[in-house]
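K.L.:
Please see the structure below; I have some questions.
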Amino acid sequence: MAKSSVAAIDWITVLLFLLLVGFGWGNIYSASFENEVFSFTDLTQVYIKQAYWILFSFVIIIIIQAIEAKFYERFAGLIYVISLLSLLGLFVFGKTISGATSWYVFGPVGLQPSEFAKAATALALAKFLSDMQTNIKYIGHQLRAFLIIAIPALLIIPQPDPGSALVYAAFFFPLYREGLAAIYLIVGASAAALFILTLLFNPLWVVLAIAAIMIFILVRNRKQKPKYSRYLLTIIIITGFCFSVNYIFNNVFEQRHRDRFNIVLGKEVDAKGIGYNTNQSQIAIGSGSWTGKGWKEGTQTKGGFVPEQHTDYIFSTVGEEWGFLGATTIVTLFLLLLIRLIHLAERQKNQFSRVYGYSVVGILFIHFAINIGMVTGLIPTIGIPLPFFSYGGSGLWGFTILLFIFIKLDANRVNEW
Amino acid sequence: MRKLLLYLIIITTGIVFVARLFYLQIYNTSYASLSEDNAIKVIYDYPQRGAIYDRNARLLVTNQPSYDVMVIPRELKAFDTLEFCSILNISKDKLVKRLHKARVYSPRVPSIVIPQLTKDEYAYLQEKMRKFDGFYIQKRSLRDYQTVNAANVLGYIGEVNESLIQKDPYYISGDLIGIDGVEKQYEKELRGVKGVKRIQKDRFNRDIGPYKNKKFDTLPVNGKDLTITIDARLQAYGQKLMENKRGGIVALEPSTGEILALITAPSYKPELLVGRKRSPNFTKLYYDTIAKPLFDRGLQGEYPPGSPFKTINALIGLQENVIDLKETVSCRMGYYYGKNGRKLGCHSHRSPLNMIPGIANSCNAYFATVYRRIIEKYDTPQEGLDTWRKHVQSFGLGNYLGNDLAAGRPGKVPTAEYYNRLYQYPKYKWYATGTISNSIGQGEVLATPIQLANMTAAIANRGYYHTPHIIKAIDGMPIENENYTKPKYTTINKEHFDPVVEGMHEVYTKGTASFLQVEGIEICGKTGTAENFTKIDGVKTQLTDHSVFVAFAPKDDPKIVLAVFVENGYWGARYAGRIASLMIEKHLRGTISRKDLEDWILTHSLEEEYAKPHSGEPFKINQ
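Line by line, the protein sequences give chains G and A.
The numbering of the first sequence is my numbering, which starts it at 9 and goes up by one.
The numbering of the second sequence is my numbering, which starts it at 8 and goes up by one.
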């Protein structure tokens with residue numbers, strides 16, 4: 009059986025994974041080497057460390073493939089609980105690195121449990137949704153599903169690591185695929201849109217504009233005897249939302265959060281202070297032109313102008329040294345991987361595998377969208393890594409585990425469960 | 008639908024990202040230069056500026072090292088201003104002001120704080136330099152003059168100004184550039200090409216090695232050495248003769264158009280405009296609005312040419328066939344014309360005269376007659392005047408010569424159009440007599456001394472000239488510019504020149520300059536006395552006449568052509584003629600046989616004459 013399982017592995021996905029990891033390492037090397045002699049024993053160099061992380065991730069892959077596919081379903085709950093405990097444990101044993109208590113440190117190796125919690129949550133959600141008794145159309149079941157997702161997120165926020173917590177929004181995708189009402193999507197999207205509009209304009213104008221639109225719709229639909237109370241309620245909710253957003257933004261958010269939003273919305277320009285990262289990152293990418301400056305030739309990369317370039321801002325190295333062609337190639341590789349994974353998820357006969365697959369797609373997509381959006385200056389600074397690309401052992405392993413459990417499940421789809 | 012949503016979102020995100028990347032990397036090109044500012048430091052390696060030699064390979068201009076203190080404002084750290092100021096001997100206020108100016112110019116780009124230190128100052132500062140972050144010393148070379156003459160020819164160099172930096176990307180703030188004379192005209196040849204080194208920097212502005220393995224670095228190319236046509240000995244002699252006078256001398260070699268000497272007086276020593284003392288000295292020269300030492304009278308002074316211009320009218324008369332060599336014109340102390348018996352006065356000489364003695368005696372009546380016939384040969388005076396003008400212009404008058412000198416003026420030869428406006432034609436008609444002063448080089452005709460010299464060269468060559476030029480060879484290679492090597496022909500046939508040359512010869516043998524003959528040298532010349540006016544307290548006042556003289560020698564194989572112009576020197580032979588005669592002897596013989604003549608010029612000053620209009624008291628002229 010093991011043999012057929014290996015043969016059934018989706019090699020396209022594996023190939024995309026290898027390409028991203030390999031290309032990622034090349035860029036980490038370029039972003040961090042400083043003319044020293046290349047030596048595999050020099051563990052002070054991040055690119056050497058990353059090489060070991062990558063090598064070890066292959067071991068992890070083999071272990072994942074060796075374990076019975078059913079193991080992941082059967083022990084999903086247990087894995088989830090262990091994961092929550094590891095997050096809780098941070099409050100006691102966690103080590104604070106650059107302001108966030110997100111790490112367990114074992115000698116030279118630091119592990120970040122939040123990177124593994126995503127896979128655990130995906131397993132737990134898949135397990136819950138695939139239960140015969142679960143029906144996502146019930147409010148009670150919806151609440152339980154939300155809880156499964158929210159608990160790890162709530163444990164991560166106080167680290168503080170709001171960026172990583174935001175990733176849990178990715179579980180909306182499997183929920184929606186499994187039948188969650190579209191109204192959640194509409195409400196969520198409208199809330200986001202209103203949030204942005206309120207920050208851009210005076211909330212009073214936003215409310216007045218929406219009220220005008222509502223009245224217009226009401227007048228047009230008056231022959232169908234509309235329920236006035238509903239219209240009124242909607243307007244009241246929107247008004248409340250807008251003014252509370254305004255209040256929260258100005259009084260609850262910290263200045264650094266406000267700055268990040270204001271810079272992206274173009275309300276503030278501050279290239280030296282808070283906007284420095286984004287500005288330098290855009291300069292690096294922008295200076296790449298069509299084909300880039302060549303590997304290890306990026307002046308911005310070499311000069312270390314972009315902070316965190318080997319981690320969250322690794323994509324700016326791609327942009328500078330490989331240019332538009334290289335950067336679009338990476339974007340395309342990610343798109344291909346995501347689309348391939350949706351395809352794989354859809355071909356699962358088993359609901360557990362499908363939910364898990366969608367979770368993987370959602371998580372990878374959110375990381376991809378937020379990271380590249382941030383590096384190219386489209387959205388505010390939210391520090392989360394680019395999957396398979398950014399430097400970091402926990403991140404790489406977390407994504408590897410997440411992805412290869414799904415590859416294992418997919419390889420096993422032909423077998424009876 | 009539920010299956011499609013995620014696909015849609017993913018594809019949309021991908022498209023948005025690709026569009027954003029396209030905008031950042033392709034559409035918006037400003038990021039590339041931002042990245043260069045950030046990460047690459049450019050260091051320039053200045054080449055040696057070319058040397059300048061005279062026609063006999065005598066070194067005139069070379070280089071001496073100089074050191075500029077530069078600052079990159081962004082890299083400044085707190086430093087001991089007191090010590091810094093005392094080392095460099097400047098006040099703190101001045102330092103603060105200069106640093107502010109540098110910061111306003113650009114915080115990243117180097118600016119000069121203190122230009123052109125001497126070797127000693129440099130040696131002392133170099134020891135202490137490490138204490139002053141953000142400052143560094145840039146070596147440059149300054150001009151070192153081996154001559155005290157020819158400042159107007161050589162020109163000078165100075166810091167390039169802001170508007171030129173905008174126009175020509177080669178220059179950056181603090182670069183030196185030729186501002187006048189040969190230095191300006193041959194800037195590109197002299198300066199060479201500066202070398203560029205690109206150094207990559209990290210975010211702390213530390214050097215982290217050469218950019219792209221020195222792929223874009225260039226080595227400096229040294230400037231080329233110039234040989235100019237000036238004869239330094241003749242130039243020096245001319246300047247000596249012109250001391251205490253104002254005016255200009257232009258000496259040409261007629262067979263080539265090479266400028267042998269270009270003298271303006273008063274002048275100044277070229278070394279006055281070198282280095283740190285340039286600025287106060289320049290200001291002093293610039294604001295001397297009475298003597299105007301920066302005004303090159305040989306090139307820029309537009310004066311009525313006076314009698315030398317009569318030779319041109321003689322040539323045109325012969326060419327237009329309105330007079331022959333034998334016909335005589337009588338002169339009764341002047342030329343009478345018009346209904347009311349108006350008169351163009353003349354001095355006393357024998358009468359009647361034909362052409363050759365006409366030139367030798369500079370008879371006004373003779374040339375008024377010739378000029379009038381030229382104009383009246385055609386149906387309308389307009390046609391006649393424009394024909395006359397075409398001939399005059401073929402001698403290089405009335406327009407820029409198109410030479411390689413940094414300064415110049417077009418002079419003036421009036422057009423028919425000009426007189427139409429002046430006399431309000433066709434409401435009122437005008438006739439040849441209305442323009443009669445053109446016949447004797449007064450009136451509307453204006454020429455610079457170099458134009459007069461060139462005109463005389465065309466006569467000496469019997470019909471053509473080479474555009475006067477200052478460049479002889481670049482890096483030892485003789486010039487091949489056709490503008491200078493190809494002769495330009497006048498509209499006058501060759502055979503008409505001989506009688507005019509003969510007339511000019513008689514000026515020396517029998518005429519107005521007979522006391523200036525040089526034993527054994529056949530000189531041809533023409534005196535001129537130009538009336539001139541100035542305004543004193545708004546009143547037009549006549550001043551002592553300008554003394555003008557043109558000459559060439561020897562008569563049959565001319566080696567030198569001269570135009571000498573002495574402001575308020577009275578009649579032509581008095582100052583200008585004497586100087587021309589001495590210059591010719593100096594050039595052809597190398598020594599002066601007539602020491603008494605030389606002493607007369609050296610001991611006679613016109614300063615008293617020049618002081619007259621500024622004295623505020625009534626004065627007499629032409630004494």
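Yeah, the Cβ is synthetic: ideal placement off N, Cα and C, and Gly gets one too.
In the DSSP output, which residue or residues are listed as bridge partners for Gly-535/A?
P.N.:
Val-555/A
K.L.:
Using the Cα positions of Tyr-491/A and Ala-465/A, report the straight-line distance between them to the nearest angstrom.
P.N.:
CA-to-CA, the gap between Tyr-491/A and Ala-465/A works out to about 14 angstroms.
K.L.:
Jot down the residue ranges of each uninterrupted alpha helix (DSSP H) in the stretch 292-353 of chain A, minimum 4 residues, whole runs only, in chain order.
P.N.:
304-307 and 317-326
K.L.:
What alpha helix (DSSP H) runs, 4 residues minimum, are completely inside the stretch 362-415 of chain A?
P.N.:
362-368, 371-383 and 388-400
K.L.:
Helix or strand or just coil, what does DSSP make of Met-382/G?
P.N.:
helix
K.L.:
Do Pro-54/A and Lys-201/A have their C-beta atoms closer together than 8 angstroms?
P.N.:
For the pair Pro-54/A and Lys-201/A, the CB atoms are nearer than the 8 angstroms cut-off.
K.L.:
Would you please verify whether the beta carbon of Gln-207/A is less than 8 angstroms from any beta carbon of chain G?
P.N.:
yes
K.L.:
Kindly list, in the order they appear in chain A, the residues whose Cβ is closer than 8 angstroms to that of Ala-377/G.
P.N.:
Thr-20
K.L.:
Compute the Euclidean distance between the alpha carbons of Asp-505/A and Arg-469/A, then round it to the nearest angstrom.
P.N.:
7 angstroms
K.L.:
Looking only at C-alpha atoms, which of Phe-342/G, Phe-261/G, Asn-379/G and Leu-352/G sits nearest to Gln-317/G?
P.N.:
Asn-379/G
K.L.:
For Val-184/G, go through chain A and note every residue whose CB falls closer than 7 angstroms to its CB, in chain order.
P.N.:
Contrary to the premise, residue 184/G reads as Tyr rather than Val in this sequence. In chain order: Arg-9 and Leu-12.
K.L.:
What does the Cβ neighbour count give for Glu-616/A, buried or exposed, with the cut at 16 atoms within 10 Å?
P.N.:
buried
K.L.:
Buried or exposed: which applies to Asp-50/G, given that a residue is buried once 16 or more other Cβ atoms fall within 10 Å of its Cβ?
P.N.:
exposed
K.L.:
Whole angstroms is fine: what's the gap from Gly-188/A's alpha carbon to Asp-552/A's?
P.N.:
C-alpha of Gly-188/A to C-alpha of Asp-552/A: approximately 30 angstroms in a straight line.
K.L.:
Measure the alpha-carbon distance for Ala-272/A versus Asp-151/A and round it to whole angstroms.
P.N.:
Spanning the alpha carbons of Ala-272/A and Asp-151/A requires a straight line of approximately 23 angstroms.
K.L.:
Spatial neighbours of Gly-282/A within its chain, please: C-beta separation below 7 angstroms, excluding the five flanking residues on both sides.
P.N.:
Ser-73, Gln-123 and Leu-149
K.L.:
Could you tell me how far apart the beta carbons of Leu-417/G and Ser-367/G are, in whole angstroms, since I believe they sit closer than 8 angstroms?
P.N.:
That belief does not hold up - the Cβ atoms of Leu-417/G and Ser-367/G are roughly 11 angstroms apart, past 8 angstroms.
K.L.:
If we cut at 8 angstroms on Cβ distances, does Val-203/A have a partner in chain G?
P.N.:
no
K.L.:
Under 7 angstroms Cβ-Cβ, which residues of chain G neighbour Arg-27/A?
P.N.:
Thr-384 and Leu-386
K.L.:
Cα-Cα, which of Asn-629/A, Lys-562/A and Ile-608/A is closest to Tyr-582/A?
P.N.:
Taking Tyr-582/A as reference, the option from Asn-629/A, Lys-562/A and Ile-608/A with the minimal CA-CA separation is Ile-608/A.
K.L.:
Here's a check: name, in chain order, each residue in its chain whose Cβ is nearer than 6 angstroms to the Cβ of Ile-486/A, leaving out the five neighbours to either side.
P.N.:
Ile-478
K.L.:
On a CA-only basis, which of Gly-345/A, Leu-429/A, Pro-364/A and Thr-463/A is nearest Val-399/A? Give me that one, please.
P.N.:
Thr-463/A
K.L.:
Give the interface partners of Leu-83/A over in chain G, defined as CB-CB distance under 8 angstroms, in chain order.
P.N.:
The contacting residues do not exist; Leu-83/A stays about 17 angstroms from chain G at best.
K.L.:
Using a Cβ cut-off of 8 angstroms (strictly closer), state whether Phe-46/G contacts chain A.
P.N.:
no
K.L.:
When you compare only the Cα positions, how much space is there between Phe-101/G and Arg-152/G?
P.N.:
Near 29 angstroms, if we compare the C-alpha coordinates of Arg-152/G and Phe-101/G.
K.L.:
Can you tell me the Cα-Cα spacing of Gly-385/G and Phe-323/G, whole angstroms?
P.N.:
Whole-angstrom Cα-Cα distance: 12 angstroms.
K.L.:
Determine the chain G residues that contact Ile-79/A at a beta-carbon separation under 8 angstroms, and present them in chain order.
P.N.:
Chain-order list of chain G residues neighbouring Ile-79/A: empty, with the shortest C-beta distance near 16 angstroms, by a criterion of under 8 angstroms.
K.L.:
My output table needs one value for Trp-437/A: the three-state DSSP class, helix, strand or coil.
P.N.:
coil
K.L.:
Are the stretch 401-418 of chain A and the stretch 307-314 of chain A touching by the rule of at least three beta carbon pairs closer than 8 angstroms?
P.N.:
Touching, per the Cβ criterion.
K.L.:
How many Å lie between Val-326/G and Tyr-51/A at the Cα?
P.N.:
32 angstroms
K.L.:
Shortest alpha-carbon distance to Glu-451/A belongs to which of Gly-483/A, Tyr-435/A, Arg-601/A and Leu-392/A?
P.N.:
Leu-392/A
K.L.:
Using a Cβ cut-off of 8 angstroms, pull out every chain A residue sitting near Ile-293/G, in sequence order please.
P.N.:
Neighbours of Ile-293/G on chain A, chain order: Leu-28, Leu-31, Gln-32 and Tyr-38.
K.L.:
What first and last residue would you give for the beta strand (DSSP E) that runs through Asn-70/A?
P.N.:
66-78
K.L.:
Can you check the stretch 354-406 of chain G for any beta strand (DSSP E) of at least 3 residues that lies completely inside it and give the ranges in chain order?
P.N.:
none
K.L.:
Measuring straight from C-alpha to C-alpha, what distance separates Ala-10/G and Asn-35/G?
P.N.:
Residue placement at Ala-10/G is poorly supported in this model, since its pLDDT is 48, which falls under 50; the coordinates are not used for a value here.
K.L.:
For Arg-596/A, which of helix, strand or coil comes out of DSSP?
P.N.:
helix
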